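See below for the structure under consideration.
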Amino acid sequence: MSFLEVLNAKGWYFLGRLLEGLPWTVASFVCSLAFALVFGLFVALLRLSPWRLLRIPAVTYIEFFRGTPALVQVFVIYFGLPDIGFQPSPFQAAVVGLGLNGAAYLSEIYRAGIEAIHRGQMEASLSLGMTPARAMRYIILPQAIRTMLPPMTNFAIVLLKDTAIIFAVGVSELMSNARELVTETLQSAVVYVMVGVIYLCMTIPMARIAARLERSKQAWQ
Amino acid sequence: MLQLPSIYAEYIHRWLPELLYYCLATLAITGVSFILAVAIGLFFALCRTSRYRLLQTIAIVYIEIARGLPIVVILYIVYFAPPQIWPGDWKWFTTFLGAVIGLGIHGGAILAEVFRSGIEALHKGQREAALTLGMTPAKAMMYIILPQAMRIVLPPVGNYTIGLLKDTALCSLIGANELMNDAKSIAFADYQPMAVFVLVAAIYFAMSYPLSLGVRYMEARMSVGR
């Protein structure tokens, strides 16, 4: 049977089976994004701290997690942690692995955003009697968000695409369902192309949003 | 409690030579797919910046699709789909070829955008001056625009290369013989996943960190001239 005949005959069935994996893809994306957003900010603040003792671990963390493949990190967590007596579920391992990986990238986005705010802003807040923490919370970060939003959206796109690797530790997301379906029906071409289209339906709109944010930022500046 | 030093003391003489051997495969995949990505990227960057609507549209469609797909999905489509669509003798289509073509398709889209921004960053006067001097558009592109654009795009191309090196780990998912694939087989054969995967992470880091230092050096040098 040709590609189109298979698509015509089995397309809806395949789509239904594939979409069963979508909630897991979305859940791992959202959870690891949240993890990376929170932990990345923490790392960025350490990285920007005036104390060397805090900066060094942050720099080491960023360099190491940006210098190694996300797949290896997820494997260390899923297959490695049981060696020290802790067995995470596939989903936990995926979220923590992608989250730790993403936090390293996000912390650099946070840092660039914070450093782009003029130093006078911090000095003015301090001279008004704010503590450094309050100044960061109420003066610096709200302004920095504007510069950070476009690169963060791009980061989110990369993260969404990275969730396609976590079937390797057994999360039953899109890609994992696709592989099962291929084992059952041997229709690799149709199934994997359909998976590709599903990913494109998510990533292309996100890329549009990122481009629009980028333009509005330029207009604002 | 896991005693990493004693595990390494026991196994490293077996693990390290084997892993380093498969590093060569990782580097080979990186090198060949880099060349392929540069060729594809250059082609679509030229299409994207051309005057012809049709070429522009083709380039935009290619870039959007190849950038929007996860690399794993590209690898799976490239490696598993063709033999199914056109049945026949596919023994020559090795995992290495699948890996290289898949990464090349993805990298081509990334580099097309990088090259385009490099070409567009040059002042239009450069091209106009070249045309005024009697060069054909192709000659102006070849001898005036591209050599200057190459200089501008060096740091982002470097960053792409670092990403590519790490992305080769994904080729293990289609069974390509490279570092990560070998690490998996050692880890589960010797029941030492933690020790092996941490070692492999260190090896990837040892390969990517010098590259990222090089990129930082280039970025620092380039910002001096501005």
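Protein sequence lines, in the order shown, are assigned to chains V and S. Note that the first sequence covers residues 1 to 221 in my numbering. Note that the second sequence covers residues 1001 to 1226 in my numbering. Glycine included, C-beta positions come from ideal geometry on N, C-alpha and C. Given the structure is predicted, the values throughout are model-derived calculations rather than measurements.
**Request:** Indicate whether R55 (chain V) and L41 (chain V) have their beta-carbon atoms separated by less than 9 Å.
**Result:** no
**Message:** Looking at the secondary structure, which residues open and close the alpha helix (DSSP H) in which H1106 (chain S) lies?
**Reply:** 1095 to 1121
**Proximal residues of chain S, C-beta to C-beta of T21 (chain V) below 9 Å** = Just to set this straight, residue 21 (chain V) is Gly in the shown sequence, not Thr. Correct list: empty, because the minimum Cβ distance to chain S is about 13 Å.
**Asked** At least one CB of chain V closer than 9 Å to the CB of E1120 (chain S): is that the case?
**Response** No, its Cβ sits nowhere closer than 9 Å to a Cβ of chain V.
**Item:** Inter-residue CB distance, V1198 (chain S) and V76 (chain V) (contact presumed, cutoff 8 Å)
**Value:** 6 Å
**Asked** Can you tell me whether DSSP reads W12 (chain V) as helix, strand or coil?
**Response** helix
**Request:** Could you tell me the distance, in whole angstroms, from the CA atom of T203 (chain V) to the CA atom of I1060 (chain S)?
**Result:** 15 Å
**Request:** Just the chain V side, please: which residues come within less than 7 Å of I1065 (chain S) by C-beta, in chain order?
**Result:** Correct list: L200.
**Request:** Output, in sequence order along the chain, the residues in the segment 1067 to 1080 of chain S whose CB is closer than 8 Å to any CB in chain V.
**Result:** R1067, G1068, L1069, P1070, I1071, V1072, V1073, I1074, Y1076, I1077, F1080
**Asked** Going by Cα to Cα distance, which pick from S:M1207, S:A1195, S:L1211, S:I1110 is closest to Y1008 (chain S)?
**Response** Minimum Cα distance to Y1008 (chain S) is reached at S:A1195.
**Item:** Sequence-distant residues of the same chain with beta carbon closer than 7 Å to H1106 (chain S), five excluded per side
**Value:** A1066, I1071, I1074.
**Prompt:** Would F39 (chain V) be called buried (16 or more neighbouring beta carbons within 10 Å of its own) or exposed?
**Reply:** By the 10 Å Cβ count, F39 (chain V) comes out buried.
**Asked** Any C-beta of chain V sitting closer than 9 Å to the C-beta of F1044 (chain S)?
**Response** no
**Prompt:** Span of the alpha helix (DSSP H) holding G1158 (chain S)?
**Reply:** 1146 to 1167
**Request:** Find the nearest neighbour of A104 (chain V) within the set V:R146, V:L37, V:I165, V:V95, judged by alpha-carbon distance.
**Result:** V:L37
**Request:** Check A1138 (chain S) in the structure and name its three-state DSSP category.
**Result:** helix
**Message:** Below 8 Å on the Cβ atoms is my contact criterion, and I expect G1108 (chain S) with I1040 (chain S) to pass it. Report the Cβ-Cβ distance as a whole number of Å.
**Reply:** 3 Å
**Request:** Assuming A178 (chain V) contacts V191 (chain V) (C-beta within less than 8 Å), just tell me the rounded distance between them.
**Result:** 5 Å
**Prompt:** If you scan the segment 88 to 160 of chain V from start to end, which runs of the alpha helix (DSSP H) of 4 or more residues do you find wholly inside it?
**Reply:** 90 to 116, 119 to 127, 132 to 135
**Request:** Have a look at S:T1030, S:P1005, S:C1023, S:L1020 and flag the residue whose alpha-carbon is nearest the alpha-carbon of I1162 (chain S).
**Result:** S:T1030
**Request:** For D1167 (chain S), collect the residues of the same chain with a Cβ closer than 7 Å to its Cβ; drop the 5 residues on either side in sequence, then sort them by chain order.
**Result:** Excluding positions up to five away in sequence, the list reads I1071, L1103.
**Asked** chain S partners of I109 (chain V), CB-CB under 8 Å?
**Response** The contacting residues do not exist; I109 (chain V) stays about 14 Å from chain S at best.
**Prompt:** What separation, rounded to the nearest whole angstrom, lies between the Cα atoms of S125 (chain V) and A44 (chain V)?
**Reply:** 20 Å
**Prompt:** Would you say V95 (chain V) reaches chain S, if we count a Cβ-Cβ gap shorter than 9 Å as a contact?
**Reply:** no
**Members of the segment 1204 to 1218 of chain S that neighbour chain V once the beta carbon cut-off is set at 8 Å** = For the segment 1204 to 1218 of chain S, the beta-carbon criterion of a distance under 8 Å to any beta-carbon of chain V is satisfied by Y1204, F1205, S1208, Y1209, S1212.
**Prompt:** Would a C-beta distance cut-off of 9 Å place A112 (chain V) and P151 (chain V) closer than the cut-off?
**Reply:** yes
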